[in-house]
Each structure stands twice: as C-alpha cells, then as structure tokens.
C-alpha cells in the first residue's frame with residue numbers, strides 16, 4: 007500500500023460529460039502529480055501541484071483542470087469528455103517540490119467514456 | 104521533454120533466467136529511477152541511481168548508468184513469475200523538474 011488514495015476506482019460516463027477524480031496523497035507529502043495512461047500513449051504527465059500551487063504542466067488538455075486544496079488532497083476535473091479520454095488516471099505524491107524524489111503512486115481511476 | 108525510452112518493448116523469459124531492460128534518454132540528468140507496474144496497478148518505485156553513480160544494487164536488481172551514452176540498464180537476476188510486470192525508467196533533470204515516463208518494457212516470466 008503506497009499510502010496514496012484515489013477515488014473512484016472505476017468511472018463510466020458518456021461523451022460530453024464532466025467528471026472529477028480525487029486523490030489523497032501520503033501523509034506529509036506536499037506534491038501531487040497527475041498522470042494519464044492509455045494503451046497507445048503510455049504514461050503521460052499531466053500536472054503537478056505543490057502545497058496548493060501549480061508547479062508544472064505537462065500534456066494536459068484545456069478541457070482538463072486540477073487543483074490542490076488546503077488539506078492537500080487534489081482533484082482532477084475532466085470536461086466535455088471524448089472517447090479518447092478513456093484511460094487509467096494515476097495520482098502520485100512526493101514529500102517535496104523537486105522531482106528528484108521518488109514518487110508514490112495510487113492505484114488509479116479507470117475512466118471509460120462511452 | 105526528458106522522456107526515457109525503454110527497450111525492448113516486450114520480453115519473455117523462463118523462470119530462473121536473468122532479464123535485462125534498457126533505457127535511453129536525450130539530455131543530461133541528475134538521476135534516473137526505475138519503476139515497476141503490475142497489470143492495471145500503480146507504479147512502484149524500484150531503485151534510484153544518481154548521475155555520479157555507475158552501478159547500484161538492490162536485492163536481485165542491478166542498475167547501471169552510462170551518462171556518456173545516455174543510457175541505463177536494469178537487470179533482474181534469477182527471475183520469478185512474480186516479476187511479470189511492466190518496467191519504466193524515469194530520467195530526471197533539474198532543468199525539466201519532472202518525470203516523463205516512456206511506454207515501458209513488458210516482462211513476462213514463464214513458470
């Protein structure tokens with residue numbers, strides 16, 4: 007058990023809809039990272055938050071947004087969903103802001119857009 | 104982006120054999136990490152090697168780093184069926200400040 011909690015584990019929705027994925031980092035970790043994993047794209051970095059502030063952006067679509075709350079949990083919002091958004095979404099956390107530390111991954115949210 | 108590229112894409116071996124996976128990257132790094140992912144699960148950190156290190160061991164794992172060739176290898180000795188998983192490398196540089204994973208090597212260990 008990594009200590010990172012992601013909910014829900016599975017999500018099935020329709021095109022055009024909006025969903026929210028939730029992540030609770032390990033106790034004491036200040037950084038949260040979001041990754042998208044699909045069969046054809048591999049593991050894609052989306053965005054990082056550190057102590058409530060956005061620190062880095064990767065290949066995140068404009069339809070996607072995220073935030074980190076004062077209690078350090080994070081939410082990833084996906085809107086105007088398309089079939090191609092179907093993927094496994096991972097959250098990871100680390101103690102500090104620098105990416106030189108090892109990451110602890112949650113078990114992921116499997117999103118299916120029908 | 105500082106993305107690692109693993110090679111081969113897939114590897115199938117018999118239990119007890121050694122498995123070697125390679126990783127190449129494009130720019131200078133501060134460290135490189137290897138992660139394992141069991142099917143449909145989150146990634147698990149295996150080992151970190153810093154840019155000033157050439158080799159590191161952890162149990163049955165041996166990682167090498169050649170910064171002149173911008174490559175790393177992960178060796179799993181005396182493989183077990185439980186080692187069946189995908190393995191990812193993640194090169195890290197302070198300038199990029201992020202981990203960019205590749206598509207991984209899918210390892211199958213046949214009992």
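Protein chains in written order, with the numbering used here: chain A, 7 to 120; chain B, 104 to 214. Glycine residues also receive a C-beta, built at the ideal position from the N, C-alpha and C atoms.
Original post:
What did DSSP end up calling residue 110/B once you bin it into helix, strand or coil?
Top reply: strand
Original post:
Is it right to say residue 77/A is buried, meaning 16 or more other beta carbons lie within 10 angstroms of its own, or is it exposed?
Top reply: exposed
Subject >> Cβ-based neighbour list, residue 32/A, same chain, cut-off 6 Å, excluding 5 preceding and 5 following >> reply: 9, 10, 99 and 110
Original post:
Roughly how far, in whole angstroms, is the beta-carbon of residue 189/B from the beta-carbon of residue 140/B, given that I think they are within contact range, below 8 Å?
Top reply: 5 Å
Original post:
From what residue to what residue does the beta strand (DSSP E) around residue 173/B run?
Top reply: Per DSSP, residue 173/B is not a residue of any beta strand (DSSP E), being assigned neither H nor E.
Original post:
How should residue 22/A be labelled, buried or exposed, when 16 other C-beta atoms within 10 angstroms of its C-beta is the threshold for buried?
Top reply: exposed
Original post:
What's the call for residue 169/B, buried or exposed, on a 16-neighbour Cβ count within 10 Å?
Top reply: exposed
Original post:
Considering only residues of the segment 41 to 110 of chain A, which uninterrupted beta strand (DSSP E) runs meet the minimum length of 3 residues and lie entirely inside it, listed in chain order?
Top reply: 48 to 56, 59 to 63, 70 to 74, 80 to 84 and 93 to 100
Subject >> is_contact[residue 9/A, chain B] using C-beta, thresh 8 Å >> reply: no
Original post:
Where does residue 20/A fall in DSSP's three states?
Top reply: coil
Subject >> Touching by the beta-carbon criterion (3+ pairs, under 8 Å), the segment 150 to 159 of chain B and the segment 119 to 138 of chain B >> reply: Flag = yes, the segment 150 to 159 of chain B and the segment 119 to 138 of chain B touch.
Original post:
In terms of DSSP beta bridges, what is residue 154/B paired with?
Top reply: Paired residue(s): none; residue 154/B is not in a bridge.
**OP:** Check distances from the C-beta atoms of the segment 47 to 60 of chain A to those of chain B and list, in chain order, the residues that come in under 9 Å.
**Re:** 47, 48, 49, 50, 51 and 54
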